[in-house]
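And the structure:
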């Protein structure tokens, strides 16, 4: 990785570093957290759907996974797309990176959405387990 960093001048790296540093919450010295903001409505909808899944209502799983895709996409924008823009790549590199980012994210999003459609509702334990993990990442500000 160090050789790749040498390809960028400090003029291009400083805005990216500042952008990423703004995303850290370090008020608790024992745990430093990286965060990004969600639209309140999306956060509330995701929380409601997660609570339904935790309660055993697997009919909310598809909606929960669609919320997850939206939340992940916001994170991809905050931590990948925006910093890429700040690096000010030339047209060819920018288009290539956009293609890679779009291909990888769309493939991942399709897989997540299919999980909700193909899930066997007779075993809600797995869905509940993952919903509980997902809920830990949503923090109300």
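Residue numbers (my numbering): 241 to 381. Just so you know, even glycine gets a beta-carbon here, dropped at the ideal spot from N, CA and C.
Query                                                                                       : Result
Residues that residue 264 bridges to, as DSSP identifies them                               : 274
Inter-residue CB distance, residue 293 and residue 301 (contact presumed, cutoff 8 Å)       : 6 Å
Rounded C-alpha distance that separates residue 250 from residue 276                        : 25 Å
7 Å Cβ shell around residue 352 - same chain, five flanking residues per side excluded      : 305, 308 and 309
Rounded distance between the beta-carbons of residue 327 and residue 256, thought under 8 Å : 6 Å
Buried/exposed call for residue 286, threshold 16 Cβ in 10 Å                                : buried
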